[in-house]
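Visitor: Shown below is the structure under consideration.
Protein chains: 2
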Amino acid sequence: MPRPPSAAALADLQAVVGAAGCLTDAAAVAPFLADHRRLYRGATPLVLLPKNTGEASRLLAICHRELCAVVPHGGNTGYCGGATPDSSGTQIVLALQRMQRIRSIDRMNLSLIAEAGCTLSAVQEAAQQADRLFPLSLGSEGTAQIGGVLSTNAGGTAVLRYGMARDLVFGLEAVLADGRVLSVLKALRKDNTGYDIKSLLIGAEGTLGIITAANLKLFPQPQDAATALAGVDSPAAALALLQRLRDATGDMLTGFELMPRFAVEITALQIAGVANPLALSAAWFVLVELAGPGEDLNLRTRLEATLAAAHEAEVITDATVAMSMTQAEAMWKLRESIPEAQTRRGASLKHDVSVPVSLVPELIQRGGELIARLAPLGDMIAYGHMGDGNLHFNASLKVGAAVAEFRRCAPVLEQAMFDLVESLGGSISAEHGIGQLKAAEFARRADPVEIALMHALKRTLDPRGILNPGKVLLSGP
Amino acid sequence: MPRPPSAAALADLQAVVGAAGCLTDAAAVAPFLADHRRLYRGATPLVLLPKNTGEASRLLAICHRELCAVVPHGGNTGYCGGATPDSSGTQIVLALQRMQRIRSIDRMNLSLIAEAGCTLSAVQEAAQQADRLFPLSLGSEGTAQIGGVLSTNAGGTAVLRYGMARDLVFGLEAVLADGRVLSVLKALRKDNTGYDIKSLLIGAEGTLGIITAANLKLFPQPQDAATALAGVDSPAAALALLQRLRDATGDMLTGFELMPRFAVEITALQIAGVANPLALSAAWFVLVELAGPGEDLNLRTRLEATLAAAHEAEVITDATVAMSMTQAEAMWKLRESIPEAQTRRGASLKHDVSVPVSLVPELIQRGGELIARLAPLGDMIAYGHMGDGNLHFNASLKVGAAVAEFRRCAPVLEQAMFDLVESLGGSISAEHGIGQLKAAEFARRADPVEIALMHALKRTLDPRGILNPGKVLLSGP
């Protein structure tokens, strides 16, 4: 339904933001046309940079009137091409990067209002300056913007304790498809007045409205942490360790990341400054983190005792507890460097999937068999947020093997992997979202009633189909 | 748009559920026609009791075809008349009470599937039998059904730590207005595939669909708790105590309930077996609870130390820490008996409101002035979940004063109280919802863009307007 913008429409849009608020020069526009992973390359007549919600509202009103498609754009760190325009050259890019104020912070209420263009790091820092914690954390936090973080319902390493982005929002300000501004920025822990529109906009990848600001939940800063690497013989043993840690430490368990020995080997080999637990005899490693309010909790002693009991019960083969902040950081660096090590090693086939935590061992067993059978040139690297049931289930090309042949396995492996995940009651996109990358697959696999409802909601909130067309939902139905 | 059901339509509905699944006899139907607080009294041609989701689906399909209004009904413990049919005698009541299976429990994944008719107590017990915790807890939990708990996004005493009902749901099964069944019962901590429809149905009070089952989040059972009553001179001091407890104990702080001395006096006087802290010199009391995974956390010692430091800093006037489970229970009984003591004392004017936690002292100061000015025959009893910013802000008739004159103050006081709450960025319904009681007030006060969106969503999910008409949203626009 959207159509190419007329010259008059483009002029109207430019008039709203002025010269400082739009980019048309090819070099300036280029960064907005390709996604982070270089999977997609688009074109646009115009990149718009509104400096406040009022401007964003007037831009959307014009786009709505003119049936002009709009692609919202944040830090461009997404994995599914959600912020990249299509190749038609008719879709306007609306980038929120100039809206980067922290509007207010309420220490006692543990809340903070940030505009969409604030980087995740900037939000974390503003919270920290008030001796508070904004817990959402992910590798690209220096670049990712809070508008994109919320629009994709980002996850990261702290989900086990603090939840996904959606769980960290009190209220939103958003511009709707027709330019109306929804402003519900209240910071209330309890508010049962009507439908939860906020949760609908979060995770909608800019297809139902454009988030311009959010009132975010903060937490007390943890005052102490303890970190360890434990070796286990199998994912089932890792699951048993998770259960023990939960029972012994409850909410103090803030990290539980699983890594296969092979991933640790390639990472320790290639990346400087990472912890190296390979002296431990183990097929799998688990990075465990506890955090809590005060040093008198003796978290390190507590962690050591729990691991000792797990060792006694033959749940773990061995463990190393970090004795300093530096050691703890090296352990986290090991975990966080796996993607980089994988990239340096060569081609990968990647899947971001989740299953109930109880079924992670079965997922690994059967997913490993799929890789061996369907992508035999690859080694399995299934690692990640086991405490959330979310693994990055990848195959990494064996050294010296033929990359083209390996890549040809991708579609068949993906189908088989998604079938497996589906059979285990899991998700084909745990934290990366749908974007354009998985829109067709999602359309094919989603519950028919659920996806019909999503299309109905899309038509209701964006009747002219101008908001980020082709993302999340395929056109239609 | 709904119309009175024809005899044929009623026969079709009865045929779906059989004789065991419908009530027409006046005595059997009577309990479904009045709400818990006896604010409303309705009429119905038929109470339907489907025994499974298939039956519920077929009933809704018939109602949709026949334009027959349906009022979903759970444990009937709501405060706003959300489950009571209107007086026209044309609205069918659909009660979920026969759907009371716990379908499954996954200890390791910390999840449980319950049907809508399970009481909240039954869910708590099923979790406990698996050594897990379903944390949602409220006074009427023995009667309230999980379908109603979710449909009203219930709160209760554990929100500070565990969130509202919406925060405790992985997935839902629901029958839509036309009888289609949405079945997304996955128990995933991460799933970014499309729009969050589940959050939309939760808290919609049966106006967008009828919840038939839910996959609920469980937690490890806390192994230790510590409870205390602290005296403070003012709500501002209570706020300072809250801050100290958060900093010192983080997530172990699971309860922070504020009570004015007057409420404690009338409760200690009238209800047997409650803790009596009146020997402490204080204008306000705070019930504090810590909970954690193991006894080695020494929660009582920790609580004592934090309270001692607060006393040293003149934040609290004094405190009593429970030395036994019996003492802790008596403290909670004091808090939970306030409504009963208020009822026994006489008439009340009640408001369930929330503000940012930081503004609770201002709310109490200014709200107290409103009661003194606009309902001078009442004494202020503002008490409740201060840690969530949610107070039950009531006026209780002075002994011997004229009840009719007092009640006449209600509309003016309510308007002034809601104006005050609104000016503080608060909510006119923190945890009780809208139902029919607050629908007009909500329509008047809501953000116009927000309420227009809610109406649009209602039309999309219930185009014929048959689902719980007149609740949450007034008819129209």
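Chains as they are written, first to last, in this note's numbering: chain A, 11 to 487; chain B, 11 to 487. Beta carbons: idealized from backbone N, C-alpha and C, even for Gly. On a predicted model such as this, the values are computed, not experimentally measured, just so you know.
State yes or no: is the C-beta of Thr94 (chain B) within less than 7 Å of the C-beta of Asp45 (chain B)?
Guide: The answer is yes: Cβ separation under 7 Å.
Visitor: Which of the three DSSP states, helix, strand or coil, is assigned to Gly31 (chain A)?
Guide: Here Gly31 (chain A) sits in helix by DSSP.
Visitor: Using the C-alpha atoms, what's the distance from Ala71 (chain A) back to Gly265 (chain B)?
Guide: Computed Cα separation, rounded: 47 Å.
Visitor: In chain B, what lies closer than 9 Å to Asp45 (chain A) by C-beta?
Guide: In chain order: nothing, as chain B lies at least about 16 Å away.
Visitor: Alpha carbons only, please: which of A:Leu463, A:Lys468, A:Ile476 and A:Pro473 is nearest the one belonging to Leu471 (chain B)?
Guide: If we check each option's Cα against that of Leu471 (chain B), A:Leu463 comes out closest.
Visitor: Run down chain A in chain order and give the residues with a C-beta less than 8 Å from the C-beta of Arg121 (chain B).
Guide: Per the sequence presented here, residue 121 (chain B) reads as Ser, with Arg not at that position. Near Ser121 (chain B) (Cβ distances below 8 Å), the residues of chain A are Pro366.
Visitor: Hey, which unbroken runs of the alpha helix (DSSP H) at 4 residues or more fall wholly within the stretch 358-427 of chain A?
Guide: Within the stretch 358-427 of chain A, the complete alpha helix (DSSP H) runs of at least 4 residues are 370-384 and 413-418.
Visitor: Kindly indicate the opening and closing residues of the alpha helix (DSSP H) around His321 (chain A).
Guide: Segment Leu309 to Glu322, the alpha helix (DSSP H) holding His321 (chain A).
Visitor: For Thr222 (chain B) and Gly399 (chain B), I'd like the C-alpha separation in whole angstroms.
Guide: Roughly 31 Å separates the two Cα atoms.
Visitor: Between Val242 (chain A) and Glu267 (chain A), which are expected to be in contact by the criterion C-beta below 8 Å, what is the C-beta distance as a whole number of angstroms?
Guide: About 12 Å separates the two Cβ atoms, so there is no contact after all.
Visitor: Starting from His442 (chain B), follow the alpha helix (DSSP H) in both directions and report where the run begins and ends.
Guide: Unbroken run through His442 (chain B): none, as it is neither H nor E.
Visitor: What are the partner residues of Leu477 (chain B), as DSSP defines its beta bridges?
Guide: Paired residue(s): B:Val80.
Visitor: Measure from the C-beta of Pro230 (chain A) to each C-beta in chain B and report whether the shortest distance is under 7 Å.
Guide: Pro230 (chain A) counts as touching chain B.
Visitor: Name the one or two DSSP bridge partners that Lys227 (chain A) has.
Guide: According to DSSP, Lys227 (chain A) bridges with A:Ser121.
Visitor: At the level of alpha carbons, what is the spacing between Pro487 (chain A) and His465 (chain A)?
Guide: Confidence at Pro487 (chain A) is low in this model, with a pLDDT of 42, below 50, so its placement is unreliable and no value can be given for it.
Visitor: Note down, in chain order, each residue of its chain lying with its Cβ closer than 7 Å to the Cβ of Cys90 (chain B), except the 5 sequence neighbours on either side.
Guide: Answer for Cys90 (chain B): His442, Gly443, Ile444, Gly445, Gln446, Leu447 and Lys448, listed in chain order.
Visitor: In chain A, what lies closer than 8 Å to Phe452 (chain B) by C-beta?
Guide: The contacting residues are Thr203 and Gly204.
Visitor: Answer yes or no: do Leu369 (chain A) and Gly388 (chain A) have a C-beta to C-beta separation smaller than 7 Å?
Guide: No. Outside cutoff.
Visitor: What did DSSP end up calling Pro487 (chain B) once you bin it into helix, strand or coil?
Guide: Here Pro487 (chain B) scores only 43 on pLDDT, less than 50, and its place in the model should not be relied on; the value that follows carries that caveat. It is coil, neither helix nor strand.
Visitor: Expressed to the nearest angstrom, what Euclidean distance is found between the alpha-carbon atoms of Asn163 (chain B) and Leu120 (chain A)?
Guide: One C-alpha to the other measures close to 22 Å.
Visitor: On the premise that Gln352 (chain A) lies in contact with Asn404 (chain A), defined as a C-beta separation below 8 Å, what is that separation, rounded to the nearest angstrom?
Guide: Between Gln352 (chain A) and Asn404 (chain A) the Cβ distance is about 7 Å, and since that is below 8 Å, they are a contact.
Visitor: If you measure from the beta carbon of Asp261 (chain B) to each beta carbon in chain A, is any gap under 7 Å?
Guide: Yes - at least one Cβ of chain A is within 7 Å of the one on Asp261 (chain B).
Visitor: Going along chain A in order, which residues have a C-beta closer than 7 Å to the C-beta of Asn512 (chain B)?
Guide: Not covered by the structure: residue 512 (chain B). The range shown for chain B is 11 to 487.
Visitor: If you draw a straight line from the alpha carbon of Lys481 (chain A) to that of Gly85 (chain A), how long is it in whole angstroms?
Guide: If I take the Cα positions, the gap works out to 17 Å.
Visitor: Asn404 (chain B) versus chain A: which residues are under 8 Å apart at the beta carbon?
Guide: Those do not exist, as Asn404 (chain B) stays about 17 Å from chain A at its closest Cβ, beyond 8 Å.
Visitor: Does any residue of chain B bring its CB to less than 7 Å from the CB of Leu447 (chain A)?
Guide: So no, Leu447 (chain A) is outside the interface.
Visitor: On the three-state DSSP scale, how would you describe Arg171 (chain A)?
Guide: In the structure shown, Arg171 (chain A) sits in a helix (DSSP, three-state: H, G or I).
Visitor: For Val400 (chain B), go through chain A and note every residue whose CB falls closer than 8 Å to its CB, in chain order.
Guide: One detail in the question is off: residue 400 (chain B) reads as Asn in this sequence, not Val. Simply Arg199 and Lys200.
Visitor: Would you check if there are 3 or more beta carbon pairs closer than 8 Å linking the stretch 284-301 of chain A to the stretch 334-349 of chain A?
Guide: Contact holds: three or more Cβ-Cβ distances are below 8 Å.
Visitor: Give the straight-line distance between the Cα atoms of Glu76 (chain A) and Pro15 (chain A), rounded to the nearest whole angstrom.
Guide: Computed Cα separation, rounded: 7 Å.
Visitor: Answer yes or no: does any C-beta atom of chain A fall closer than 7 Å to that of Pro487 (chain B)?
Guide: Its pLDDT being 43, under 50, Pro487 (chain B) is placed unreliably by the model, and the measurement read from it follows with that caveat. No - not a single Cβ of chain A is within 7 Å of the one on Pro487 (chain B).
Visitor: Please look up how many angstroms separate the CB atoms of Ser439 (chain B) and Asp362 (chain B), rounded, as I've assumed it's under 8 Å.
Guide: 6 Å between Cβ atoms; contact.
Visitor: I want to see whether chain A comes within less than 7 Å of Ile207 (chain B), judged by CB atoms only; does it?
Guide: So yes, Ile207 (chain B) belongs to the interface.
Visitor: Cβ closer than 7 Å: which chain A residues qualify as neighbours of Met174 (chain B)?
Guide: Chain A residues near Met174 (chain B): Lys200.
Visitor: Any beta carbon of chain B sitting closer than 7 Å to that of Ala412 (chain A)?
Guide: With 7 Å as the cut-off, Ala412 (chain A) does not count as an interface residue toward chain B.
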